[in-house]
Amino acid sequence: MSKKNYKEQVENSPYSKEAKETGSRLYNLRTEKRLSMADVSAQVESAQRDDDKQVKLSKSQYARYELGTAFINTETVYALCEFYQTSPDFLLLGKKSDGKESGDCDISNLIGPISSENLQSFCDFF
1 MSKKNYKEQV
11 ENSPYSKEAK
21 ETGSRLYNLR
31 TEKRLSMADV
41 SAQVESAQRD
51 DDKQVKLSKS
61 QYARYELGTA
71 FINTETVYAL
81 CEFYQTSPDF
91 LLLGKKSDGK
101 ESGDCDISNL
111 IGPISSENLQ
121 SFCDFF
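Residue numbers are given in the UniProt record's numbering: position 115 of the sequence shown equals residue 115, and the series is strictly consecutive.
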């Protein structure tokens with residue numbers, strides 16, 4: 001798929017508004033830290049602990065996320081949440097987790113109520 005077709009798919013998606021809002025939050029987080037896009041992409045890549053699941057984040061891809069012209073995959077959401085010390089709730093939805101600071105990276109609200117056995121099975125699966 002060409003970049004133009006992908007960009008059109010994102011723009012015509014029912015989630016294009018959310019992609020732009022997420023991009024705006026990414027921009028605000030980056031500028032609060034006074035970082036360039038190149039700084040963010042380099043630091044996110046170097047901060048990864050697990051080489052098997054290393055997130056590759058180019059400056060141009062990060063720019064597309066900020067502009068809302070690309071959707072962010074799960075691994076990148078996780079890496080950006082760790083880097084910015086924020087939650088997926090805030091990054092994706094603009095909400096702080098229930099009674100928690102934006103620095104808490106807790107996705108339990110996104111996956112809903114789940115028993116500890118099911119959660120362990122879910123984690124073992126991945």
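Quick reminder that beta carbons are idealized off the backbone N, C-alpha and C, glycines included.
| query | For glutamine 85, does the three-state DSSP call read helix, strand or coil? | reply | coil
| Is valine 55 helix, strand or coil when you go by DSSP? | coil
| task | Could you name the residues of the same chain whose beta carbon sits closer than 7 Å to that of serine 41, not counting the 5 residues immediately before and after it, in chain order? | result | Leu57, Ser58, Lys59, Tyr62
| How would you call glycine 103, buried or exposed, if buried means at least 16 neighbouring beta carbons within 10 angstroms? | Any reading at glycine 103 is ruled out, since the residue's pLDDT is 48, under 50, leaving its predicted position unreliable.
| task | Pick helix, strand or coil for alanine 63, following the three-state DSSP scheme. | result | helix
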